[in-house]
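So the structure is just underneath, and the comments pick up after that.
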Ligand SMILES: Nc1ncnc2c1ncn2[C@@H]1O[C@H](COP(=O)(O)OP(=O)(O)OP(=O)(O)O)[C@@H](O)[C@H]1O
Ligand code: SF4
Ligand code: SF4
Ligand SMILES: [Mg+2]
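Residue numbers (my numbering), protein chains in the order written: chain A, 1 to 675; chain B, 1 to 355.
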C-alpha cells in the first residue's frame, strides 16, 4: 500500500509538457496553430470561401447566372455591361451568350461541391461499410467484396460512369449514384486492409474480453482508428469527383444545361481559347485550386485527426538545436572533467579499448535527444565488460558509436574519444576506420534475423567475410565457413551451409551471426543483447559458446544486456547505465555485493529470483526518464530513495569509490556503509 | 492419462490443505491449428498441436503460474479460456459451468467474472480512446453495473487503485510509459470486479525497474480483492515470485505441476531441472563452481513432435522406453506434485547432465 502511494508520486506522465498543448482543443489554439502553419492556412481559407460561395450563391453572385445578354457576348473581364442603363460590370467577363462569368462560377461552385460531397458521402459510406464487414468477418463476404473490387478496378471509371449515365440518364442524383457505384471500391479496399490488421491487435481482443459485441468492436474500436486515413482518402476523392464531374459535363453527360457547372464552362470556353481566353482560364483555375487545396488539407487532416500525431502540430515547433543545447548543457558541464575516474587515465594504447567522455546526440524533429552523455570505460584483452541498463539508457547507441555504425544524421557524436589499441577511432579517416573495425572489431545483435540478409545463404554470408577482407577465393571461403559453423556447433554444417537464414531457428541464427563475427579473429567482440530474443535453455547454450570462444581467442568482450543474471554469470567488470550516463562501474563481485549507487542497489533488489521467493519485491518508483527532458542534477533523483537537497541541482561526478570502482552518487559512502 | 483421475474426482491434483471447490477445472484441453505447408511440392495440411491435453485446477484466491519456452502453448490456453479462440477439445468448468459449451450470450455475461491482462502494453489499448473511456467501457457494454453518473468517480478510484493519478483519465494511452499502460490495462480488467484474471506475460515487455512495481501491484490487488490469477510468463523467476502453484509446459503439455516450493526446490522432471539450472542467478559469488545443465539441440517443432516423451530429443536421461510410451502426469513420490517422466527423480543431479 505504502509502496504504491510512493510510486504515484514519482509516476509523472511519460512525456509531460508538449502534450498539454493538445489536450482540449479550443478554437483559439486551433487558430493560433493554423496561423503558425501558413501553408495550411491558404487552402483552408480557400475551401472555406468556396463553401460560403456555394451556400450563399444566390446572394453573393452579382448577377443571375442564366441571364443572357447577346450584346455582351464574350466581353473581357472588368468590362461594363453593354446595356448602359444597368450600370453593371462583368468582373470576370461574359460568356458567348453574354452571361456573367463570375456569377456562373459562383453558382458552379455550388453544383461542383454538392456533387463532390454527396458522391463522396455515398461512395464512402458504401465502401467503408463493405470494407469493414469484409475485413472483420472475412470468409465468403470478403471474397465477394474483393471480387467486386477487382472487377471494378479493372474497368476505367469514366467509361463505366458514361455507360451507366447513358442508360439511366443524367441529373444530380443519377450522378451521385453513378459516382457511388464507381468509386466505393477505393474505400472498401483501404478499409478492408486496415480492418484486417486492426482486428488482430491486442486492443481489439481486449475489447472482446470485456464482452463487446461485434458491432461495437467494429464501430467503436476499429472505425475510429480508420477515421484519419479514410478522411484523408475522402478529401482526395472530393477533388477527384469534382474533376470527374467536370469531365462528364465537358462531354455533355454531367449536370444538364443551363445550370452552370465548372466542367461545362471549360468545355464551352474551349472554342474561344484564342479569342476569349478568360472563358476557359477562370473555371479551369477554380477546378485546379480546389483540387490543390483539397490535397493539401488532406495531409493536414491526417495529422490533426490523430491523437498520437496531433500534439506535434499544436505544440510549438522545436527551436533549432542551440536552445535545447543551452538548456541541457549546464546540467552535465560539471561532470566533464570529473567523469574520468583516476584509474582510467592510463596512457593511450595501454588498454585494448579506452572510451573517454563519449557523447552522442540525436537531432530529431521534436528536438535534441541526449542519448549518451559522457561515458568512459576501458577494456583489456580477454576481459568481459558488461554494460547493464534498461531500455533507452543508451547501451546500443554507445556501442554503435564505438564501432562507427551510427546513422548520422540523426545521430551525432559530439565529444569524447575512442582509443582502440592506441588509435583514436573518432579521429582517423573513415576508410581506415572501416578497415580497422571491419577486421578487428565485430558486433552481434539482438535480432539475428534482421542482421542477416534473407536473400543469401548463411554460408555465403559467412564466406563473404573472408572474400572481402582477405581476398580468399570463393571455394576456400566456403570451406572456411563450414569450419566456422562447426566451431559454433551448428549440427551437420556441410549440409546446412547452403540454407537461408529463415530456415534456421532463433538460436541457430545467433550461432550463424557469431560464426561470421569471429571469422576474422577479432580482438574485440561487442554482443548487443545476444540472447534477449531467445529461450533460457538456448540462452545458456549461446552464453556458454561465447565464453568458450573468448577463452580460445583471448578477445575482449563487451556484453550489452539488461539481464542482471547474465551479467553476474559472465562479466569481469560491469558498467551500469542510466539516462545515457554510466552511474556505477567496477568489478562485478564488488558491485553486486556492495552497490554504491541507489539505482544499482534498486535494480539488484527489485529483480525476482529463481533461487528464492521474496516476501515482496523492493521496487524503484517511477519510470526511466525521457531523454529529451533529463532531470536536472542527478538524473536519477526523481526516483531515488536516498535523494537529498543537493541532488536536484548538483550533478554528481563519478566519485572514486575504491581502487577500481566509481559511482556517480553524492551519497555513495552512505550506501556502502548501509550494505 | 492424468485426466482419468481428474475425471473421477475433480480436484485430485489439488493440495490436501485446500478442501474448497476449485474455481476453475480445466480438463484435457486441446487446441490444434491447421497449417498450410509452404512449398509447392509439399503442399498439404499439417496440424500444430499448440495445446495437446492440458488439465489443471485453480482455487479461489490462488495464483497458478504457467511457464515454458516459446511456442509451448501458454498463450493458447489463455486465449481458449477467454474464448478468443475455439478449443479443439476438452472442457473448462468455471464454478461448475463449462466455458466451452456456453452460448455466445452466456459467454458475454461470463466476461464479467474472467478478465485478461495482455502482454504488449503498447498495442493492447485503443489509441483513439481516452484512458477514462477505456476503463469505463466495460460498464457501457454491461449496463447496470455502474450507473452512468457514478462512472467518472469510479474511474478515478480505479486509477488511484492501480497507482495512477485521477487526472490521467483525460489522457490518451500514448502519453504513458509501458509500466503505466500496463496499470491502465489492469484497471480495465478490475472494472468488472472479476474473480479470475488471466495475465498473459504481463511484465515481459517492461523494464526491469518497472517490472517489480507491476508484480507488487498484482500481488497487492490479490490480497485486497481475493482475486485468482493464471499467470503466464517465460521468466521462471517472475513466475516463482507471484505463484502459489506452478505448471511447467513443454510442447503443448504440462510436464510437471506443483506448489511453488515443490517445483523450484524439488523438481523431478528433467526439463524443469534443465530450465531452472539455465536461469542465470544475479549473484556472481561462486559462479565458477555452479553446476549447470546445458541442453543439446533445439526445441522440437509442435507440427511434428517426437513420439513418446516430447522432451526426449533433448533429454540426457532418455532411454528406449521414452520414445515408445508417453509418460503420464502422475504423482510419483506422494509429494502432491505430479511429473510426466518415466525416470522422474527428486535429485536435480546436474552433474550427471551434459554440463
Ligand atoms: N535513430 C534514432 N533517432 C532518434 N532517437 C534514437 C534513434 N536511435 C536511438 N535513439 C534513442 O537513443 C536512446 C538510446 O537508445 P539505445 O538504443 O542506445 O538504448 P538501449 O540502452 O540500447 O536500449 P534497449 O535496451 O531498448 O536496446 C533512446 O532514447 C532511443 O530512443
Ligand atoms: S546523487 Fe542523490 S539522487 Fe542521485 S543517486 Fe545519489 S542520492 Fe540519489
Ligand atoms: S520420459 Fe524419458 S525422455 Fe522424457 S523426460 Fe523422462 S527421461 Fe527424459
Ligand atoms: Mg539496445
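Think of the CB as a built atom: it goes at the ideal place given N, C-alpha and C, for glycine as much as any other residue.
Residue i CB to nearest heavy atom of ligand 2 below 6 Å
{"i": "residue 652 of chain A", "result": "yes"}
{"i": "residue 657 of chain A", "result": "no"}
{"i": "residue 636 of chain A", "result": "yes"}
{"i": "residue 625 of chain A", "result": "no"}
{"i": "residue 377 of chain A", "result": "no"}
{"i": "residue 642 of chain A", "result": "yes"}
{"i": "residue 34 of chain B", "result": "no"}
{"i": "residue 667 of chain A", "result": "yes"}
{"i": "residue 631 of chain A", "result": "no"}
{"i": "residue 598 of chain A", "result": "yes"}
Three-state class that DSSP yields for residue i in the structure shown
{"i": "residue 189 of chain B", "result": "helix"}
{"i": "residue 656 of chain A", "result": "strand"}
{"i": "residue 174 of chain B", "result": "helix"}
{"i": "residue 43 of chain B", "result": "Caution is warranted here: a pLDDT of 48 is assigned to residue 43 of chain B, below 50, making its placement in the model unreliable, and no coordinate value can be reported."}
{"i": "residue 486 of chain A", "result": "helix"}
{"i": "residue 97 of chain B", "result": "strand"}
{"i": "residue 216 of chain B", "result": "helix"}
{"i": "residue 210 of chain A", "result": "coil"}
{"i": "residue 334 of chain A", "result": "Here the model assigns residue 334 of chain A a pLDDT of 31, short of 50, so the residue's position is not dependable and the matter cannot be decided."}
{"i": "residue 646 of chain A", "result": "helix"}
{"i": "residue 581 of chain A", "result": "strand"}
{"i": "residue 541 of chain A", "result": "helix"}
{"i": "residue 562 of chain A", "result": "coil"}
{"i": "residue 23 of chain A", "result": "No answer about residue 23 of chain A holds up, because its pLDDT of 48 lies below 50 and its placement is not dependable."}
{"i": "residue 329 of chain A", "result": "Residue placement at residue 329 of chain A cannot be trusted, given a pLDDT of 32 that sits under 50; what the coordinates show is reported in the next sentence. Three-state DSSP puts residue 329 of chain A in a helix."}
Amino acids of chain A, ordered along the chain, whose beta-carbon sits closer than 7 Å to that of residue i
{"i": "residue 210 of chain B", "result": "623"}
{"i": "residue 137 of chain B", "result": "210"}
{"i": "residue 142 of chain B", "result": "211"}
{"i": "residue 70 of chain B", "result": "535"}
Contact set between residue i and chain B, taken where Cβ atoms lie within less than 7 Å
{"i": "residue 221 of chain A", "result": "126"}
Which residues DSSP lists as bridging residue i, in chain order
{"i": "residue 250 of chain B", "result": "B/253"}
{"i": "residue 299 of chain A", "result": "Note: residue 299 of chain A sits in no beta bridge, so no partner."}
{"i": "residue 419 of chain A", "result": "A/354, A/424"}
{"i": "residue 663 of chain A", "result": "A/584, A/655"}
Closer than 9 Å at the beta carbon, the chain B residues around residue i
{"i": "residue 563 of chain A", "result": "208, 280, 282"}
{"i": "residue 498 of chain A", "result": "In chain order: nothing, as chain B lies at least about 16 Å away."}
Where residue i meets chain B, residues with beta-carbon distance less than 8 Å
{"i": "residue 603 of chain A", "result": "208, 209"}
{"i": "residue 525 of chain A", "result": "Within 8 Å Cβ-Cβ: nothing; residue 525 of chain A doesn't reach chain B, min ~19 Å."}
{"i": "residue 618 of chain A", "result": "212"}
Residue i Cβ short of 6 Å to ligand 3 heavy atom set
{"i": "residue 87 of chain B", "result": "no"}
{"i": "residue 311 of chain B", "result": "yes"}
{"i": "residue 338 of chain B", "result": "no"}
{"i": "residue 250 of chain B", "result": "no"}
{"i": "residue 234 of chain B", "result": "no"}
{"i": "residue 343 of chain B", "result": "yes"}
{"i": "residue 327 of chain B", "result": "yes"}
Nearest to residue i (by Cα), restricted to the options the options
{"i": "residue 585 of chain A", "options": "A/646, A/428, A/162, A/660", "result": "A/660"}
{"i": "residue 284 of chain B", "options": "A/250, A/454, A/572, A/376", "result": "A/572"}
{"i": "residue 276 of chain B", "options": "B/312, B/69, B/297, B/318", "result": "B/69"}
{"i": "residue 182 of chain A", "options": "A/531, A/152, A/208, A/204", "result": "A/152"}
{"i": "residue 55 of chain A", "options": "A/475, A/107, A/495", "result": "A/107"}
{"i": "residue 278 of chain B", "options": "A/539, A/672, A/229", "result": "A/539"}
{"i": "residue 270 of chain B", "options": "B/281, B/255, B/261, B/282", "result": "B/255"}
{"i": "residue 95 of chain B", "options": "B/118, B/52, B/58, B/78", "result": "B/58"}
{"i": "residue 361 of chain A", "options": "A/464, A/630, A/550, A/543", "result": "A/630"}
{"i": "residue 430 of chain A", "options": "A/261, A/575, A/402, A/506", "result": "A/402"}
Below-7 Å beta-carbon distance, residue i vs any chain D residue
{"i": "residue 541 of chain A", "result": "Going by chain labels, chain D is absent from the structure shown, which instead holds the protein chains A and B."}
Contacts of residue i in chain A (Cβ-Cβ under 8 Å)
{"i": "residue 236 of chain B", "result": "536, 610"}
Under 9 Å by beta carbon: chain A residues contacting residue i
{"i": "residue 246 of chain B", "result": "Those do not exist, as residue 246 of chain B stays about 11 Å from chain A at its closest Cβ, beyond 9 Å."}
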